[in-house]
Structure formats: structure tokens, C-alpha cells
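Peer 1:
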Amino acid sequence: MKALYAKPKSLTDNIMIYCPGCGHGIIHRLIAELIDELKLREKTIGVAPVGCAVLAYDYWNFDVTEAAHGRAPAVATGLKRVLPDRFVFTYQGDGDLAAIGTAEIIHAAARGEKISVIFVNNGVYGMTKGQMAPTTIPGFKTTTSVEGRNPQVHGYPIRICELLATLDGVSFLERVAVDSIPGIIKTKSALRKAFNCQLEERGFSLVEVLASCPTNWKMTPEQAMKWIGQEMVKYFPLGVYKENSASLGK
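Counting in numbering that gives the first Met the number 0, the sequence shown runs from 0 upward without gaps.
Below you can see the structure in the form of C-alpha cells.
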């Protein structure tokens, strides 16, 4: 019997420790599928910083290195410049990329570094028990905004795609969500575009993925998936924010 669906070679056999309903497992698999399909496994280097995906190297069957909190774009920049024939990507959460790593991501994008960034936005600090993140939407209750995020007190959420779209070094930006089967298919398509952007040396690319965190949202997995489409996308609209087909040079 012909197998129609199997585990990608770029995933290990290790059991993932993510909470039930977490979006990381879905995104991990999509990345692994593309690495296999594009035949990149022997030349890929992933960069995983601090956060729930700090142990991503246990799940991907290719080279993955660690970076200090927020510094993944700097590490990826060094790797890509020293080893330009490698495929280099970072995998970052919102507390990592949009808080302590804000300067890193903005300047890597402004320089047009030929790296790919996967930005997982679940609106909270997942690893450290659900504190308010730079992407927590107004009114949402967290362990550090128990009455809901108040923009007059806590400020407004940061929209990373909209922010980076203003920079000349950016070649591709898209926001997607893994809250449904169509959304997962769209996410894989966006990741493929970002990966091809690097392979074609067109500059910096980033895919922002809206993902669920049922444990810290205090929802069931089903409720969390629905909440992404019903509430989260209102503040973080899905779509392509920048797509530059021209090469930015070598």
C-alpha cells in the first residue's frame, strides 16, 4: 500500500513536550516538510533562542544552534555571512522577537540579511507562565495584566509585519495563522515563499504565524483555535505585507 502521508525525515522521533493544542508542533512539522521538499536538510542551520521552542533541536533532524534571548537574528547573520551557501532560519516567539530582540530584528531586516525568520505570535510569554507580551491584544487578561491589557497603562501591541514593511532591506513579509486546515495550508505556502526568497538571494524574509497557547489563555484547544480567528486577527490582519521579486544583490 502506498503511503500518502508520513513523518518528514527532517523531524526526529522524539516526543514533543508542548502543551495540548499548542501551535508549535504544527509549525515544526511544516518547516520539516519544506526542508525535505526543497532538499535542504544537509545545508540547513536553524537558530532557536529562549522560549517554549528552546528545545527545538530535539525535534528537527538538521543542525540547530542556540542563541541568547532575542539575539537569534544576530547569530543567524553571523552564520549566513560566514557560510553563505547554508540555508539559515530563526524560529522566534513574540516575547523573544518583539521585546528583548526588537533591535536585533529591526536592524537585521534593515540590512537586508539573507535569512528567513519564523515569528510565532501567541500573544503571551508562554514559557514563563503567561505574562503580557508586546503582542498581547487590548483587553486580554494575563498574569501581569489581570484586568486586561489597558493601552493607557501598558501601551499598544506591536504589529511586527506592519513595522518591518517600511524597511528597504525587507523582501518578503506575510502574516498567517494555524487555526484551521486552510490556515495551515496557507502557512506552508507562506513559509515556502520565505524560504525561496533566501534561496534566490532576494534579502530578508519573515513569516508571522498566529498560534494558540491554550494553557496560558485558559482555554481548551478548540476554544483557542476559534479565538485566533474571531479575535486575534482583528488586531493582526492576515495577508502579505511586502513581496519584492527583485534581487537585492549579493
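For each residue, glycine too, the CB sits at the ideal point set by N, CA and C.
Distance check for residue 10 and residue 41, CA to CA, integer angstroms please.
Peer 2: 13 Å
Peer 1: Would you mind working out which of 203, 195 and 6 sits nearest residue 73, comparing C-alpha positions?
Peer 2: 203
Peer 1: Which residues in the same chain have their Cβ closer than 6 Å to the Cβ of residue 248, if we skip the five residues on either side of it in sequence?
Peer 2: At residue 248, the pLDDT of 47 sits below 50, so the modelled position is not reliable; the number obtained from the coordinates is stated separately. Excluding residues within five positions, none has a Cβ falling inside 6 Å.
Peer 1: Per the contact definition of three or more C-beta pairs closer than 8 Å, is the stretch 28 to 42 in contact with the stretch 121 to 132?
Peer 2: The stretch 121 to 132 vs the stretch 28 to 42: no contact.
Peer 1: Excluding the 5 residues flanking residue 17 on each side, which residues of the same chain have their C-beta closer than 8 Å to its C-beta?
Peer 2: Setting aside the 5 residues that flank it on each side, residue 17 is surrounded in the same chain by 23, 24 and 51, each with a C-beta closer than 8 Å to its C-beta; the list follows chain order.
Peer 1: Find out if the Cβ-Cβ distance for the pair residue 108, residue 169 is shorter than 8 Å.
Peer 2: Cβ distance < 8 Å, so residue 108 and residue 169 count as in contact.
Peer 1: Do you know how far the Cα of residue 2 is from the Cα of residue 38?
Peer 2: 20 Å
Peer 1: So is residue 5 buried or exposed if we call it buried at 16+ other beta carbons inside 10 Å?
Peer 2: Residue burial annotation: residue 5 is exposed, with fewer than 16 other C-beta atoms found within 10 angstroms of its C-beta.
Peer 1: In terms of alpha-carbon separation, which member of 93, 172 and 103 lies closest to residue 120?
Peer 2: 93
Peer 1: Between which two residues does the alpha helix (DSSP H) containing residue 223 stretch?
Peer 2: 220 to 226
Peer 1: Take residue 88 as the anchor and find which of 113, 234 and 81 has the nearest alpha-carbon.
Peer 2: Of the listed residues, the one whose Cα sits closest to residue 88 is 113.
Peer 1: Please state the DSSP three-state secondary structure of residue 114.
Peer 2: For residue 114, the three-state secondary structure derived from DSSP is coil.
Peer 1: In this structure, what does DSSP give as the bridge partners for residue 176?
Peer 2: Residue 176 is bridged by DSSP to 209.
Peer 1: Whether or not the stretch 188 to 202 and the stretch 220 to 232 are in contact is what I'm after, with contact meaning three or more pairs of Cβ atoms, one per stretch, closer than 8 Å; do they touch?
Peer 2: no
Peer 1: How far does the alpha helix (DSSP H) with residue 73 in it reach, from first residue to last?
Peer 2: First-last of the alpha helix (DSSP H) with residue 73: 71 to 81.
Peer 1: What's the C-alpha gap between residue 221 and residue 83?
Peer 2: 42 Å
Peer 1: Hey, is the stretch 175 to 189 in contact with the stretch 145 to 163, meaning 3+ C-beta pairs nearer than 8 Å?
Peer 2: no
Peer 1: Here's a check: name, in chain order, each residue in its chain whose Cβ is nearer than 6 Å to the Cβ of residue 210, leaving out the five neighbours to either side.
Peer 2: 22, 119, 121 and 177
Peer 1: Helix, strand or coil: how does DSSP classify residue 131 here?
Peer 2: strand
Peer 1: With distances taken Cα to Cα, identify the nearest neighbour of residue 140 among 215, 54, 200 and 28.
Peer 2: 215
Peer 1: I'd like to confirm the pairing. Which residues does DSSP put opposite residue 53 in its beta bridges?
Peer 2: Answer by DSSP bridge pairing: none, since residue 53 is not bridged.
Peer 1: CA-CA distance, residue 147 and residue 198?
Peer 2: 43 Å
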